[in-house]
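**Student:** Structure in structure tokens, see below.
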Amino acid sequence: MREPHPYPEIYCDFNARLSDRGYSLERMGSIRDLSKLGLKLEEAVGKRFTFVADDTDKSGVPDDIMSNGVVVKDERYGFLALLDTPDDFYWRSQLTGCDEA
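When you line the sequence shown up against the numbering used here, it's residues 245 to 345, in that order.
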């Protein structure tokens, strides 16, 4: 089990990998979630988040895939979710106190 992180959650398309640890945040879901926090992409740069995408377990039960990191602006790729560690993904059901999934 993992302890939940205190960072706000925003959507990240983990299929939109653009660098070793970077995933594009220039997606409607990411922009929508940042807007709910009162932020635009430009204002999110340097802030920490838990990045989240829809996923399911082996039985087809919803279980979000998650990773932690910071928003950066890359000159080549634009706004990215820069993960703390490459491929450090976990699922919501692995969080302590989680009754989802």
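Cβ atoms here follow ideal geometry from the backbone N, Cα and C, with glycine treated the same way.
1) Going by DSSP, what residue range makes up the beta strand (DSSP E) through Lys317?
2) Look at the alpha carbon of Arg292 and the alpha carbon of Val305, and state the distance between them as a whole number of angstroms.
3) Taking the alpha-carbon of Ile309 as reference, which of Val316, Glu319 and Val296 has the nearest alpha-carbon?
4) Which residue wins for smallest C-alpha separation from Glu270, given the options Glu247, Val315 and Glu253?
5) When the Cα atoms are used, what is the spatial distance from Cys342 to Pro248?
6) If you follow the beta strand (DSSP E) that Glu286 is in, where does it begin and where does it stop?
7) Please report how far the alpha carbon of Leu281 lies from the alpha carbon of Tyr255, in whole angstroms.
8) Classify Ser274 as helix, strand or coil using the three-state DSSP reduction.
9) Quick one: Cα of Tyr267 to Cα of Leu326, how far?
10) Report the residue from Leu285, Arg261, Arg265 and Ser337 whose alpha carbon sits nearest the alpha carbon of Met272.
**Tutor:** According to the data block:
1) Position 73 of the sequence shown, counted from the first residue, corresponds to residue 317. Ile309 to Asp318 is the span of the beta strand (DSSP E), which, as asked, contains Lys317.
2) For this step, residue 292 is matched to residue 48 along the sequence shown. For this step, residue 305 is matched to residue 61 along the sequence shown. So the two alpha carbons sit approximately 28 Å from each other.
3) The sequence position of residue 309 within the sequence shown is 65, counting from 1. That would be Val296, whose Cα lies nearest to the Cα of Ile309.
4) Working through the sequence shown from its first residue, we reach residue 270 at position 26. Comparing Cα positions, the closest option is Val315.
5) Looking up residue 342 in the sequence shown gives position 98. Looking up residue 248 in the sequence shown gives position 4. Those two C-alpha atoms are separated by around 9 Å.
6) The residue labelled residue 286 in the question sits at position 42 within the sequence shown. Premise fails: Glu286 lies in the alpha helix (DSSP H), Leu285 to Ala288, not in any beta strand (DSSP E).
7) By 1-based counting over the sequence shown, the position of residue 281 is 37. By 1-based counting over the sequence shown, the position of residue 255 is 11. Approximately 12 Å, taken between the alpha carbons.
8) In the sequence shown, the residue the question calls residue 274 occupies position 30. Correct three-state label for Ser274: helix.
9) As a working mapping, residue 267 is identified with position 23 in the sequence shown. As a working mapping, residue 326 is identified with position 82 in the sequence shown. Taking the straight line from one Cα to the other gives about 7 Å.
10) The residue given as residue 272 occupies position 28 in the sequence shown. When each option's Cα is compared against that of Met272, the closest is Leu285.
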